[in-house]
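This report refers to the structure that appears directly beneath it.
Number of protein chains: 2
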Amino acid sequence: MECKDATSVELSHALPPRVDDASAFLKGLANPHRLLILCALAQGERNVSTLITETGVAPASMSQHLSKLKDEGVVDFRRDHRTLTYFIAHPATIQIMAVLYDHFCARDEA
Amino acid sequence: MECKDATSVELSHALPPRVDDASAFLKGLANPHRLLILCALAQGERNVSTLITETGVAPASMSQHLSKLKDEGVVDFRRDHRTLTYFIAHPATIQIMAVLYDHFCARDEA
DNA sequence: ATGTCATATCATAAAAATATAAATTGAAAA
DNA sequence: TTTTCAATTTATATTTTTATGATATGACAT
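Protein sequence lines correspond, in order, to chains A and B. Residue numbers for the first sequence follow our numbering, beginning at 1 and rising by one. Residue numbers for the second sequence follow our numbering, beginning at 1 and rising by one.
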């Protein structure tokens, strides 16, 4: 059996034991502000101040969102002098955003 | 510019106006029971009783989950005699589940 | 018309997610 | 060592999500 792509058979047999992890990961992305943050990070790494400016999300809220994204392994950060630089750490993130783009942006759909 | 796949440029420019819709769609999938339901539906259409048996989700809860999935356009149903047959209505759903499979099942990752 | 069965809806309670304001940390400049 | 600044943490209120039990709907068989 091929294992590179997911068929409906694999989805229904292999995914169920992992639905908790998978849904936790999806929950990490399933918020407008976090998607906005990830759109910014998709262009390249950003420090927190920049993310706050670019997205308009309030500082405390930003910290909480970044913390949640970090907990789920979606992003990671590095310390540069006294700023924290965040970046997308998980390849699945970009893949899922690509599906969203295809669905909501590439075609003109309500 | 190519439009078939999403680059980081497209993600950061095209997705932001649609983050509310995109995150609503993701929220539809971001629950263990709903993922379980979708895994069953990935094998083929199912009536509600079958879904209840296969997933172990309680009837009232099942109705609410199906209702939410329907609201987001993830699934749709058809009436057969006196049972309702649900099926996956959105192609993006399978694509996202395939990404989850790749990430959580194809590789052995914690 | 009555009963049965599949499914949905309602009402409610408990848990999780989110935003905001205030206080804290901690690295670096002065 | 005091100040400053970036970012986080804490506390709290609001909203959203979810599960459960009870009730309702609606198609079909009797």
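Using N, Cα and C, we set each Cβ at its ideal position, and we do this for glycine too.
Indicate whether at least one CB of chain A lies closer than 7 Å to the CB of residue i.
i      : result
S61(B) : no
E72(B) : no
A92(B) : yes
A42(B) : yes
Counting only Cβ pairs nearer than 7 Å, list the residues of chain A close to residue i.
i      : result
R18(B) : F104, C105
Residue i: buried (16+ other C-beta within 10 angstroms of its C-beta) or exposed?
i       : result
D71(A)  : exposed
H103(B) : buried
A60(A)  : exposed
R46(A)  : buried
Which chain A residues are close to residue i, counting only those with a beta carbon under 9 Å from its beta carbon?
i      : result
V48(B) : Result: empty, since nearest Cβ-Cβ is about 17 Å, beyond 9 Å.
L51(B) : Correct list: empty, because the minimum Cβ distance to chain A is about 12 Å.
Determine, using beta carbons only, whether residue i comes closer than 7 Å to chain B.
i      : result
E54(A) : no
T99(A) : Per the sequence shown, the amino acid found at residue 99(A) is Val instead of Thr. So yes, V99(A) belongs to the interface.
I37(A) : no
K68(A) : no
E45(A) : no
Taking 7 Å as the cut-off, decide whether the C-beta atoms of residue i and residue j are in contact.
i      : j      : result
T53(B) : I37(B) : no
V99(B) : I88(B) : no
L69(B) : S23(A) : no
A92(A) : S12(B) : no
For residue i, go through chain A and note every residue whose CB falls closer than 8 Å to its CB, in chain order.
i      : result
D21(B) : F104
At a CB-CB cut-off below 7 Å, which residues of chain B make contact with residue i?
i      : result
Q95(A) : V99
Quick one: which chain B residues come within Cβ less than 9 Å of residue i?
i      : result
L84(A) : The contacting residues do not exist; L84(A) stays about 20 Å from chain B at best.
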